[in-house]
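For the sequence shown, our numbering assigns the number 634 to the initial residue and increments by one for each residue that follows. Even glycine gets a Cβ: it sits at the ideal position worked out from N, Cα and C. Keep in mind it's a predicted model, so treat the numbers as computed, not measured.
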Amino acid sequence: MAKQTVNIGTTANDGTGDPLRTAFTKLNQNFDEVYGNNFVTTNLIAADAVDYDKLAGEFTTASSFTAATDFDINFSTAAVFTTTSSIAMDLNFTNAEIGQVKTIVVTDSGGTSSLTFDTATNTVVNLNGTYSATAGAVNYIQAQCIAANSFILTISQAA
Numbered sequence: 634m635a636k637q638t639v640n641i642g643t644t645a646n647d648g649t650g651d652p653l654r655t656a657f658t659k660l661n662q663n664f665d666e667v668y669g670n671n672f673v674t675t676n677l678i679a680a681d682a683v684d685y686d687k688l689a690g691e692f693t694t695a696s697s698f699t700a701a702t703d704f705d706i707n708f709s710t711a712a713v714f715t716t717t718s719s720i721a722m723d724l725n726f727t728n729a730e731i732g733q734v735k736t737i738v739v740t741d742s743g744g745t746s747s748l749t750f751d752t753a754t755n756t757v758v759n760l761n762g763t764y765s766a767t768a769g770a771v772n773y774i775q776a777q778c779i780a781a782n783s784f785i786l787t788i789s790q791a792a
């Protein structure tokens, strides 16, 4: 059924609008269609209706990637990215929305690792902490998108 619009006339009380009974019949039919097609259910309007089953993979999944010099961190695919690396890494962020935070876990397999950012993507990075890998250490990097192509990184290390 197409939406039924109540005719309210040209001006108040000019007699050109729908009679009251006709107007409310149209309104009831509109509501019947909305509720009848499950557009509105208690699951959709419940205060605790959002859970991990309903969230997209970008909020609930982990993704591992192979050690390489270029890491493409696609913000729309996972919440946590993991790798083992002992080489210099170039992180490229894509599909980031303001406010999103992603975690990158780098387990160093020995040697010297360093972290750089791809200037070709015009990414502005504000760094909080430093990345200086130690053999066998686990490095946690959190990247938060604060504006288009602008990120704050927080880096910590656990032995």
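Rounded straight-line distance, which links the Cα of residue j to that of residue i
i: Lys735; j: Ala791; result: 18 Å
i: Thr649; j: Leu660; result: 18 Å
i: Glu666; j: Val639; result: 16 Å
i: Ala695; j: Ala770; result: 20 Å
i: Asp651; j: Gly669; result: 25 Å
i: Ile788; j: Ala689; result: 26 Å
i: Thr693; j: Arg654; result: 50 Å
i: Asp647; j: Ala712; result: 60 Å
Residue i (DSSP reduced to helix, strand or coil)
i: Lys735; result: strand
i: Val592; result: The structure shown does not extend to residue 592, since the chain is modelled only from 634 to 792, so the question has no answer here.
i: Phe784; result: strand
Environment of residue i [buried if 16+ CB atoms lie within 10 Å]
i: Asn728; result: exposed
i: Phe714; result: buried
i: Asn782; result: exposed
i: Phe784; result: buried
i: Asn772; result: buried
C-beta contact flag for residue i and residue j at 8 Å
i: Ile731; j: Ile706; result: no
i: Val739; j: Ile779; result: no
Residue i CB to nearest heavy atom of the ligand GDP below 7 Å
i: Val771; result: For the structure depicted, the ligand GDP is absent and the ligand set is empty, with no information on it obtainable.
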